[in-house]
Amino acid sequence: MMYQGKTYKGMREVFDEALDIAKNRPEEAKDFLISYAESILKENPNCRTMDEAVSLAKSNLGYFSGYCSPNIVDLMYKTYNTKHPLFDLV
């Protein structure tokens, strides 16, 4: 995915940037999420609408948050209005 001229390869890089934004520049969170969703829409033939892509982007961020501390989970859930796709850890 591309965001503000930088390429992010793989979910780990996407998540790390999403976390940095949540911690330091939360006003950018919506733009980042939309950019991530747009890349999903382009790359995933199973995603047919932007709503589906946003839902998948939020699900991915929620899932990756589950590997972090409760404070990070809470921050990501609040910043990106998401939750873990299988269960809520908070």
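Numbering (our numbering), first residue to last: 1365 to 1454.
Note that beta-carbon positions come from the ideal geometry of N, C-alpha and C, so glycine has one too.
Take residue i and list the residues in its own chain whose beta-carbon comes closer than 6 angstroms to its own, dropping the five residues that flank it on each side.
i: F1428; result: F1379
i: T1446; result: K1422, L1425, G1426
i: L1450; result: none
i: E1392; result: I1385
i: T1443; result: A1386, P1390, A1393
With a threshold of 8 angstroms on Cβ separation, who are the neighbours of residue i within its own chain once the five nearest residues in sequence on each side are excluded?
i: I1436; result: L1383, S1429
Which same chain residues, not among the five before or five after residue i, have their C-beta less than 7 angstroms away from its C-beta?
i: V1454; result: Interpretation of V1454 is limited by its pLDDT of 46, a score under 50 that renders its predicted location unreliable; no figure is taken from the coordinates.
i: Y1372; result: M1365, V1378, E1381
When you compare each of the options to residue i by their alpha carbons, which one comes out closest?
i: Y1369; options: E1391, M1375, E1407, F1396; result: Residue identity differs from the one stated: residue 1369 is Gly in this sequence, not Tyr. When only C-alpha atoms are compared, the closest one is F1396.
i: M1375; options: K1394, E1416, Y1444, I1404; result: I1404
i: Y1338; options: K1406, H1448, E1416; result: This structure does not reach residue 1338, given that the chain is present from 1365 up to 1454, and the question cannot be answered.
Exercise. Could you tell me whether the region 1394-1409 touches the region 1421-1440, where touching means 3 or more Cβ pairs closer than 8 angstroms?
Key: With a cut-off of 8 angstroms, the region 1421-1440 and the region 1394-1409 count as touching, because enough Cβ pairs lie within range.
Quiz item: Below 8 angstroms, can you find three or more Cβ-Cβ pairs linking the region 1408-1415 to the region 1386-1394?
Solution: Verdict: no, contact absent.
Quiz item: What are the uninterrupted segments assigned as alpha helix (DSSP H) that are 4 or more residues long and contained completely in the region 1404-1443, given in chain order?
Solution: Counting only runs of 4+ residues, the alpha helix (DSSP H) found wholly inside the region 1404-1443 occupies 1414-1429, in chain order.
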